[in-house]
Each structure stands twice: as C-alpha cells, then as structure tokens.
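Engineer: First, the structure itself, so that you have it in front of you.
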C-alpha cells in the first residue's frame with residue numbers, strides 16, 4: 002500500500018470514528034434569481050418552470066420555481082465540509098421552492114456501518130414556516146471533517 006493510500010485510510014477511519022449516530026448538521030440559505038440562472042446554466046436545465054416568468058405565472062405554481070436539485074445540493078455543502086464522499090443519494094421532492102425562499106437543511110447521522118465504514122444519513126429541508134420541501138437519505142464516508150455537529154449526539 003502506498004503512503005498516500007495508507008494516509009487516506011487513516012483519515013477515513015478517524016473521521017468515521019468521530020461520527021456519532023444522532024449528530025446533526027445545519028445549513029440555511031436563500032435562493033436568488035442568480036442562483037437559479039447559474040444552476041440552470043451549469044446543468045442545462047432550461048425548463049420554463051425555472052426560466053420563464055410568463056409561462057410560470059400561468060402554471061399551477063403561479064411563479065417561477067427553483068430546480069429541485071438546487072436546494073437538494075445543500076447536502077453537498079454539508080458533505081463537502083465533512084469531506085464526505087457519497088455512495089448513494091435519494092431525494093423526495095414534496096413542495097416547490099420559490100425564488101426568494103429561505104431553506105434550512107438538517108442532516109442527521111442515522112447509522113454507522115462498521116463493516117463498510119459508511120455513514121447512513123437523512124436530510125430534511127424546510128421553509129421558515131416548517132413546511133418540508135425535500136426529504137433525502139444518503140450514504141457514504143467522511144474523510145476530513147471541518148464542520149462540527151450542531152450539538153453532541155444523545156447517548
């Protein structure tokens with residue numbers, strides 16, 4: 002094994018050992034027209050529900066909506082701060098997010114897989130009035146955490 006691979010395995014093990022079931026991490030942001038434009042430009046998602054004010058005004062939503070994976074990517078902010086390498090992600094989009102909405106993403110560690118050194122997590126994305134807009138679950142492994150949990154996990 003190379004020194005680099007051994008160092009990576011040691012970092013991965015240390016990060017896994019630090020993670021505790023019940024730990025939560027929170028990230029909040031407000032989505033802007035610029036966010037939507039940049040995201041659609043990068044992904045090529047030029048759906049008129051996200052881009053066209055006139056089209057959207059006559060839609061069931063009544064105005065433009067944020068592409069679902071844009072707020073869904075809030076998980077990657079938290080994951081990036083944990084050095085998390087995802088193995089799988091599943092999203093359930095429950096309500097639209099509108100331009101100007103503030104969304105709070107709370108990630109919780111649900112389970113530690115000791116054999117595969119993976120964490121299994123859930124995420125709930127909510128608006129200030131408590132509406133859940135996205136639920137997600139994902140797994141992977143942390144490598145170099147630079148983010149502290151919201152509070153110590155309950156014993």
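In our numbering, the protein residues as written are 2 to 156.
Note that beta-carbon positions come from the ideal geometry of N, C-alpha and C, so glycine has one too.
Buried or exposed for residue 35, going by 16 or more other Cβ atoms inside 10 Å?
Structural biologist: Result: exposed.
Engineer: My parser needs the alpha helix (DSSP H) runs of 4 or more residues fully inside the region 68-95; what are they?
Structural biologist: The qualifying runs are 70-73 and 75-82.
Engineer: Considering only C-alpha positions, which residue in the set 113, 76, 101 and 147 is nearest to residue 137?
Structural biologist: Checked all of 113, 76, 101 and 147; the closest Cα to residue 137 is 76.
Engineer: Buried or exposed for residue 127, going by 16 or more other Cβ atoms inside 10 Å?
Structural biologist: So residue 127 counts as buried.
Engineer: Residue 142 bridges to which residues according to DSSP?
Structural biologist: In DSSP, residue 142 forms a bridge with 86.
Engineer: What number of angstroms, rounded off, separates the C-alpha of residue 130 from the C-alpha of residue 99?
Structural biologist: Going by the C-alpha atoms only, they are around 14 Å apart.
Engineer: Whether or not the region 106-122 and the region 45-52 are in contact is what I'm after, with contact meaning three or more pairs of Cβ atoms, one per stretch, closer than 8 Å; do they touch?
Structural biologist: Flag = no, the region 45-52 and the region 106-122 do not touch.
Engineer: Using only the alpha-carbon positions, how far apart do residue 55 and residue 64 sit?
Structural biologist: Taking the straight line from one Cα to the other gives about 8 Å.
Engineer: If I'm right that residue 90 touches residue 147 with Cβ under 8 Å, what's the distance once you round it to whole angstroms?
Structural biologist: Actually they do not touch by this definition, with Cβ atoms about 21 Å apart.
Engineer: Distance check for residue 30 and residue 103, CA to CA, integer angstroms please.
Structural biologist: Spanning the two alpha carbons is a distance of roughly 5 Å.
Engineer: In the DSSP assignment, find the unbroken alpha helix (DSSP H) run with residue 55 in it and report its ends.
Structural biologist: It spans 54-58 - the alpha helix (DSSP H) in which residue 55 sits, taken as one unbroken run.
Engineer: Can you give me the start and stop residues for the beta strand (DSSP E) that residue 114 sits inside?
Structural biologist: Element bounds for residue 114: 103-114.
Engineer: Looking at the secondary structure, which residues open and close the alpha helix (DSSP H) in which residue 147 lies?
Structural biologist: Element bounds for residue 147: n/a, residue is neither H nor E.
Engineer: What three-state label does DSSP hand residue 22 in the structure shown?
Structural biologist: It is coil, neither helix nor strand.
Engineer: Could you check what DSSP says for residue 30 in three-state terms: helix, strand or coil?
Structural biologist: The answer is strand: DSSP assigns residue 30 an E or B state.
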